[in-house]
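S.K.: Residue numbers (this note's numbering), protein chains in the order written: chain A, 942 to 1528; chain B, 130 to 430; chain C, 2 to 317; chain D, 5 to 689. Yeah, the Cβ is synthetic: ideal placement off N, Cα and C, and Gly gets one too. A single structure is presented below for examination.
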Ligand SMILES: Nc1ncnc2c1ncn2[C@@H]1O[C@H](COP(=O)(O)OP(=O)(O)OP(=O)(O)O)[C@@H](O)[C@H]1O
Ligand SMILES: Nc1ncnc2c1ncn2[C@@H]1O[C@H](COP(=O)(O)OP(=O)(O)OP(=O)(O)O)[C@@H](O)[C@H]1O
Ligand SMILES: [Mg+2]
Ligand SMILES: [Mg+2]
């Protein structure tokens, strides 16, 4: 198997060729990510993945791969802030719904009202929600049909607020603010009505058989509307929305999203040439050259705002793990055992298709940590061993033990008893395969200095449900670390949800006053540098261990062309087929 | 998958039950008869070969199966690695030996567990007869009707697989077939005249069970055990393929095979075919031996 | 006949009730608080409790079991929260495809296995018989997914005759409309079944061949073809009927593997995906239906056998 | 019409080569019946099958010729052979249950030969089949046509088989043990039927059997086979009257018959038949022959003789046949008529529930035994005879407290032993022992003979292990076996040896009562006599009270002092053996006796009227009144309404019949004693 040289795949060919009218694009969806919902604000109990991302209903601001709002595809122009940042004025651009009605300020107010109704019913109903924060304490008013004014109780860092507005899907108030089919249009500003509307719309969305036929869902503001949906697999087809006036030639006659159950199945389809656009599992990175020969473009890059943490459970008391892991030197020693360059090079893990990453903000971020590319705790087993010895541990391949209990600087630390061993469980996701491989490598490295890491393989879903301290506190002592794959942040990649003491995504009960302060500053302060400071601090304190970030491998037929950034967007699942076109007539 | 063996499966006892007990089993005579059966010789040689390979192999060909070797991952067969390396840089040949130990152990443990449980349950039901037998066998019907693989998958998804739990789970479901088999055997033995003769002489149940019933079902039990081992190994393989196998540091042929399957299109054949061959050989060996054994025992009826 | 039928049905019903109890107990052992599973980690404890109360999951176990049975009787198999759909609807969408695949696989297997088994029995211990038995042993010892993968490697990659993926069309009739795409799944299913059936048919036929009525038929001057077709075939197939009935769980499991390897959207794949999603309502409904099918299969097989072989009702 | 010369067949199975028949010469004229007799494995069936061209796979005709109507059959083209089979040569097989296709209607099976040979079209063939069924004596043939084989009784099935063989009106019929599995009553009917049809259709018949009585009555000529050779052939009369071959003689001497002197021991042939795989240079019978000389062992005797009576023996029996080797049995010690009954049976009832319900919601039951009473005195042997299914075994099992009676009781020395829990039974358990029919099934295959014989002693805690072994050796000695057998397993013994072990085991605990259920019916003639002699000797020596169960009247006659005749769960006649056999009082007894074929061609053929006709009615709902009335030539209205009770027709000879064949006397021995006993025990209880 040839080793992959990633530099060859880091560029996207410029838009080229002559556009041919028509053609159907078939997009392969990542296994396990098939949608089951259509209403853009799915309740938690639907476990919803929404059809077509934002191709049918656009968000107020639409982000590019780099997280910045795209001026062309957003529904409004850049917001303007008052001096105290608490009043935000947003001007709507001229856009219209598929039924001809304009997209208005009222629609934005309606959308926010529905979002509020959703989180009022359950905090779990919006993934970006932290109780007490957006949309709580945010009042939206429409001034005329094209100006929205947001009044905030508490000022947010403008970059952070904009990242949230990038998640605000705008839905049609004129057609959807009803509580029964064919019922009267209600005043959505009344929270009781909003709640009834929300209940009605989620109810309508629970009947999958009617997704493509329910007239409600045909009112869209994005470039496409739903043509058909296959409930058993989650495959679906989109038809162009003729009323869409955004950028792009909009020449494709149809866009098919096809569900798959395994990476192998997708690979087979590339071989057969039946998929136009999709991703390639990294276990096939050695096959890139083959695919190119078969007429595919391949682009590989790490996804922005992504980090790959080995999540630590600070509350696990099994074997005194909580006391041991509370020691910063211990986490540093463990990070020294993570061989990021080795994993990247290894054929068995990334086969070259990954990059070193030591920060929560991800690679190439606009808010980089101040240590730049240099690892704070690079792979160095010797250093790890030295750290342990220096803190009173007797390093022994057969089992390292604490020799000097106590809280002195050369002692093991508070609460660690004499003779204490370091032994814990690492739950490793059963797919993709590189996750298991890197965890094994880590465990094997730890064993060499007498740390016993038991790797157990679990399905992703199982871990999502059972291995989170906020959600399943009863299971706290079952896992000490878990590797569930990436942590993907919003375009303003603060670790607010993940590492804030009471963040809703704080899976491992990490709690640090300095970190809390830094996060507070990056969320609510106005300092553009606050986020850099936050990520620097986190990278040094190690709330998690950092693993390399794999490159996403994007594959598309070379007969398909379009602006390079529309392909780059695929790294973050941002699809823009309306800007794509075929350069050859399709069969 | 589990109940599908052409002849061992429980249907055998349902349909073509010719459950008369075997004639004496002077072990020597059986061994002599087996030695004359080409099937038995082939089966036994495969098994001996694989057992030697798995348990004695590591002595002749020691490899490091604990330390992940990132640099040497996924090497094709060549110098230093006669069968290449796996994604973690483990020597595949050495890993096959390790996996063989675990596979054989699980298979045997599961089969022993299933056979013991099944024998006791079947014997009790067969001896009790009447309503007790009816209830006990309906319970077996119920469990048999629930697709085994689904059961195991649901459980395996929930609990981490270790060799011990895996054997218990597999054994915990495959005893049903043995139970039916043994019950049928006991039922037919119970009315056999030599058992009645013993009763006539005043023998108690205990004596009848231990001196007449058990020795006479022994052959059936041994044959059943052989098939159970084979089936258990196949089940582990299927579980592994569906993603519910064992994980580092232990491994078994099924898990090896299934983790290799990811690489089938990537051309890393050495991750699949050797492990596949091992499974095929061990199951084939066990089935050949079991069938030969049954033939020999049948012939002495 | 009638009393035999009633007795068989009664026993089947008992077993069905047993199955529903076992499955219900499993459901509770696996997830005692469905609310948490449904609402996810972020939901508050209060919300979880409310969900459980609304859906009756806080009631006494027996009451819940009664509810469960009543639901089942109304054809309500529960709702998959993960797929946001009624399980019965999901099954309705998938069952056809799986059924057509299984049945075609089964029919092909039987069409091959019955003549093959009889041929082997008639030509016992000849090269043909030995070869067929040898292949059967070999295939039987090969895990079915490996059979599938080897077929892909051979017939799709080495000699690209058939696609490696099954047809993705949603029509249940793809087996007929798109036989090329369904060739490999069908071959896999057929192969794994033929192995079992033919060996079984062989020993059943051997047993019948030893019966005097075969001799009698020959003594009547019947040519070999008539002996086999008119006398042997029917009698030698009777055990196979029972086998097919009993093998339903195995057939379902076979589908699981085949559908997964060939990415064929049927019940097996649904089950597998649900397994990875931990979607218990789907898993348990599938298990329940599998159990019910097994009971039904056994019952049907017994009745067919009782019709084909009138001795049965007397001997029970 | 059929000429077989020097026929030899070889069967190869794996590395073993078996020669089932060697150098067989045989002639058969049109319209003639040739009986072939011989022990099991002597090659009778193989001879039949080679004529049919249907030898098992792996067999070859190594030499000789089979000429049928001038045509050579050996090595005939299979196609031509097929045209012959079923049309010109037909065969009836022994086992009627597996010889009919279980899933095809009887009518279709009978009609099939006509269709196969293109002799008729379907509707015509079915019509002929129906006629044929009527001809073989099947009542209401049009209804039976649509039945499946399992719906017919054994006798009916055998008739169907015959209909099937005869429908194409063949020239030659080979009947291979056509009646072995049937009761004597039905056997007689079937054989008669075959004879009649043979006349009607003018065909020749080969009747294969191991029963000398059958050939004596039904064959024109007889061939005796031994170990693959036809050792003696001749016209029936000549063969029986002036037997030449030593084997034939021995065979005839070892058969118990209804006519022989009971005070003489049966002759038994020592040893067992040779392995067909072994080649012996001389006469194959030599090792077992008392008259064998050196020449017999080295030189094969040629067939010689005249007048169609040929034999292969160096030292033939000369002159009129005399009973030479029979020993007189020690005189039966007289059973004092006044002796207290040791075993008593009072109103014993056994009903087996079967599936289904009778009207009025009661469980349907098989009335296996219905209110049977009798007594057996010390040292006395009671024989029980009756057709298959009349409840003999059910009764026997209750006698040894193996099954609980539905009602009534069994008493041993006045104390109740039936329906008693094992603990209460205590030591009396050991006093009731049984000998089983199937010697193979009755011995634990996993135990050595030593262990088997020691087991009863071990269970009862008798003696030390060494003493037990000693006792086992003594037991073996008493059944005529040496101690070397102790370490062997049952399958390493011959059937006769096994049956003797069964007897030894039953005697191990010194029982008072021994029940023997069909002790010899699974054994071949030559071995049978050994076991019978032994049983009789033991009964006398030990003063056992025994009950011997058999459907073979000759066996019962040989072994028992008194005999009870059972019919459908009832004892219809009981009395001293000689009395009952000489002066049967019940029409059923008379019919049974008349049906027994006697190995003497000059024995008078029984009058047709005495025959028991038809078949046993279902024990599920037996006929009202006298149960025998449906088959009784003398039955009247009375028999249907009033059930006859046992009444005396002589001293100790009772019959339950309204119209007994012997005049009734005033005494009512059996019933009276039983009644008196009952009041007595009731009083003491
Ligand atoms: N298929 C076979 N293969 C090998 N040996 C056989 C086969 N069939 C019969 N024999 C042997 O051939 C010999 C003659 O058998 P045959 O059936 O003719 O005996 P028989 O006189 O009809 O006995 P029976 O009274 O038991 O029917 C026996 O020793 C038997 O074991
Ligand atoms: N366990 C049982 N259940 C039901 N019916 C039975 C049972 N045992 C015997 N019978 C029936 O009772 C009747 C008498 O049977 P039994 O075995 O006593 O007859 P038998 O005279 O010994 O016959 P054979 O000569 O065939 O041995 C038969 O009709 C038989 O079918
Ligand atoms: Mg014969
Ligand atoms: Mg009997």
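Just confirm the distance between the C-beta atoms of residue 175 (chain D) and residue 207 (chain D), as a whole number of angstroms; I'd bet it's less than 8 Å.
M.R.: Confirmed, about 5 Å.
S.K.: Just list the beta strand (DSSP E) runs in the region 38–126 of chain D, keeping only unbroken ones of 3 residues or longer that don't cross its boundaries, in chain order.
M.R.: Runs of the beta strand (DSSP E) inside the region 38–126 of chain D: 63–72, 93–96.
S.K.: Would the region 1332–1351 of chain A count as touching the region 1403–1414 of chain A if we require 3 or more Cβ pairs under 8 Å?
M.R.: Contact fails: fewer than three Cβ-Cβ distances are below 8 Å.
S.K.: As a quick exercise: from B:415, B:414, B:401, B:427, pick the residue whose alpha carbon is nearest that of residue 318 (chain C).
M.R.: The requested residue 318 (chain C) does not occur in the structure, where chain C is confined to residues 2 to 317.
S.K.: To the nearest angstrom, report how far apart residue 1141 (chain A) and residue 989 (chain A) are at their CA atoms.
M.R.: Distance between the alpha carbons of residue 1141 (chain A) and residue 989 (chain A): 16 Å.
S.K.: What are the partner residues of residue 1219 (chain A), as DSSP defines its beta bridges?
M.R.: A:1496.
S.K.: Reducing DSSP to helix, strand and coil, say where residue 168 (chain D) ends up.
M.R.: Residue 168 (chain D) falls in the helix class under three-state DSSP.
S.K.: Flag this pair as yes or no: are the beta carbons of residue 95 (chain C) and residue 1173 (chain A) separated by less than 8 Å?
M.R.: Taking 8 Å as the Cβ cut-off, residue 95 (chain C) and residue 1173 (chain A) qualify as a contacting pair.
S.K.: On a CA-only basis, which of D:446, D:503, D:71, D:100 is nearest residue 531 (chain D)? Give me that one, please.
M.R.: The residue with the shortest Cα to Cα distance from residue 531 (chain D) is D:503.
S.K.: In whole angstroms, give me the CA-to-CA distance for residue 572 (chain D) and residue 389 (chain D).
M.R.: Looking at the two C-alpha atoms, the distance is approximately 11 Å.
S.K.: What is the residue span of the alpha helix (DSSP H) that residue 1406 (chain A) lies within?
M.R.: Residues 1401–1407.
S.K.: Consider the C-beta atom of residue 522 (chain D) and the heavy atoms of ligand 4; say whether any pair is separated by less than 7 Å.
M.R.: The answer is yes for residue 522 (chain D).
S.K.: For residue 163 (chain C), name the three-state secondary structure that DSSP assigns.
M.R.: Of the three classes helix, strand and coil, the one that applies to residue 163 (chain C) here is coil, per DSSP.
S.K.: Any chance you could list the alpha helix (DSSP H) runs of at least 4 consecutive residues sitting entirely within the region 312–342 of chain B, in chain order?
M.R.: For the region 312–342 of chain B, whole alpha helix (DSSP H) runs of length 4 or above, ordered along the chain, are 322–329.
S.K.: Can you look up residue 1297 (chain A) in the DSSP assignment and give me helix, strand or coil?
M.R.: Residue 1297 (chain A): coil per DSSP, three-state reduction.
S.K.: Using 8 Å as the cut-off, can you tell me whether the region 544–562 of chain D makes contact with the region 386–406 of chain D, which would need three or more C-beta pairs spanning the two stretches below that distance?
M.R.: A contact exists between the region 544–562 of chain D and the region 386–406 of chain D.
S.K.: Within the same chain, show all residues whose beta-carbon is closer than 8 Å to that of residue 185 (chain C), passing over the 5 residues directly before and after it, in chain order.
M.R.: The residues are 149, 152, 153, 156, 157, 163, 164, 165, 167, 263.
S.K.: At what residue ranges does the region 1145–1170 of chain A contain a whole run of the alpha helix (DSSP H), taking only runs of 4 or more?
M.R.: Entirely contained in the region 1145–1170 of chain A, not one alpha helix (DSSP H) run reaches 4 residues.
S.K.: Report the start-end ranges of each beta strand (DSSP E) in the region 524–557 of chain D that is 3 residues or longer and not cut off at the edges.
M.R.: You should have 549–553.
S.K.: For the region 1125–1150 of chain A, which residues have a beta carbon sitting closer than 9 Å to at least one beta carbon of chain C?
M.R.: Result list: 1146, 1147, 1148, 1149, 1150.
S.K.: Check whether the Cβ of residue 232 (chain C) lies closer than 7 Å to any heavy atom of ligand 2, and answer yes or no.
M.R.: Not so, every heavy atom of ligand 2 lies at least 7 Å from the Cβ.
S.K.: For the candidate residues A:975, A:954, A:1004, whose alpha-carbon lies nearest to that of residue 1513 (chain A)?
M.R.: Checking every option, the nearest Cα to that of residue 1513 (chain A) belongs to A:1004.
S.K.: Run the proximity test for residue 351 (chain D): is its beta-carbon closer than 7 Å to any non-hydrogen atom belonging to ligand 3?
M.R.: Because no heavy atom of ligand 3 lies under 7 Å away, the Cβ of residue 351 (chain D) does not count as near it: no.
S.K.: Would DSSP call residue 1015 (chain A) helix, strand or coil?
M.R.: Residue state, collapsed to three classes: coil.
S.K.: Can you give the Cα-Cα distance for residue 337 (chain B) and residue 426 (chain D), rounded to whole angstroms?
M.R.: Spanning the two alpha carbons is a distance of roughly 15 Å.
S.K.: Would you check if there are 3 or more beta carbon pairs closer than 8 Å linking the region 286–295 of chain D to the region 573–591 of chain D?
M.R.: The region 286–295 of chain D is not in contact with the region 573–591 of chain D.
S.K.: Quick test of the definition: if touching needs 3 or more C-beta pairs under 8 Å, does the region 35–52 of chain D touch the region 221–238 of chain D?
M.R.: A contact exists between the region 35–52 of chain D and the region 221–238 of chain D.
S.K.: Is it the case that the Cβ atoms of residue 406 (chain D) and residue 510 (chain D) are separated by a distance below 8 Å?
M.R.: No. Outside cutoff.
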